[in-house]
Amino acid sequence: MDATLPLDESTQGTSGCVDPPCTCPGGIWCGGACIDPQTDATFCGAVNDCEGADQGQPCAPSAACMAGVCVDSCDNCGFETGDFTGWITADLRKPYLALSVVSGEQSDPEGLLTVMPIEGEFFVVTGFDGELSGAIELGQDLTLAAEPPADLRFDYRAGWDLLTYDAMIDRTLDVWIEPAGGGSPLEVVQI
């Protein structure tokens, strides 16, 4: 007797079938779970029995599975083009250290902080300060997977010298989550 587990929000990604052979209407069994191969980032594009070449492919952390194909949700995520291709940027009019993509080990002009890429060859630096007030911005429209995990993850390092220099205004590092194409933030997370 076949056990049937319908593919819906309550069963997708679970292993609720205990009496194989199991069926999964609208999806397939992969890794012991009923999945939708059109959206599942672990078995994206899987077919048939989900074994060997039929198991599809795992999508990279920055990609979503859309219509059975891994689609990178971030253009030039690690700045590996050596520039800001795919990014929206804004810097202060007179920055202490201009917003830029660099490679290798770097230090600020006073040698207070030395940084290097967390992965790859390139990374972004900014002085976090300048002669005139304003905001330093770095952003991009991303497409996140519709199903969990739809996490936004990134690495950063931040440091400033408040012992030698007094701050006239607080420095903040915020992540703004906006609707596609921009607009009022859906959420602002202060780091």
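So the sequence shown is numbered by the working numbering: it starts at 42 and just counts up by one.
C-beta atoms are modelled at their ideal positions from N, C-alpha and C, and glycine is treated no differently.
All values reported here derive from a predicted model rather than from experimental measurement.
What is the rounded straight-line gap between the Cα of residue i and the Cα of residue j?
i      : j      : result
Arg212 : Phe163 : 25 Å
Leu183 : Ala108 : 17 Å
Gly73  : Thr167 : 47 Å
Asp81  : Cys106 : 6 Å
Ala101 : Asp207 : 43 Å
Cys118 : Ser103 : 8 Å
Pro158 : Glu146 : 7 Å
Cys91  : Val112 : 20 Å
Asp124 : Gly171 : 22 Å
Gly97  : Gly86  : 5 Å
Thr83  : Gly224 : 32 Å
Met209 : Val230 : 23 Å
Near residue i, what residues of its chain come up, given a Cβ to Cβ distance below 6 Å and the 5 sequence neighbours on each side ignored?
i      : result
Ser148 : Thr155
Ser144 : Glu162 and Phe163
Tyr137 : Gly168, Asp170 and Gly171
Thr126 : Asn117
In terms of residue numbering, what span does the beta strand (DSSP E) encompassing residue i cover?
i      : result
Ile177 : Ile177 -> no beta strand (DSSP E), and no H or E assigned at all.
Met107 : Ala104 to Met107
Ile69  : Ile69 to Cys71
Ile129 : Ile129 to Ala131
Glu228 : Glu228 to Gln231
Is DSSP giving residue i helix, strand or coil here?
i      : result
Gly168 : coil
Gln79  : coil
Ala139 : coil
Asp196 : coil
Ala94  : helix
Ser144 : strand
Cys115 : coil
Please say whether residue j and residue i have beta carbons closer to each other than 8 Å?
i      : j      : result
Ile129 : Gly180 : yes
Val88  : Pro99  : no
Asp215 : Ile177 : no
Ile76  : Gly68  : yes
Val165 : Phe195 : no
Taking 8 Å as the threshold (beta carbon to beta carbon), is residue i in contact with chain B?
i     : result
Phe84 : Going by chain labels, chain B is absent from the structure shown, which holds only one protein chain.
Under 7 Å Cβ to Cβ from residue i, same chain only, skipping five residues before and after it: list those, please.
i      : result
Arg198 : Val156
Pro220 : Leu227
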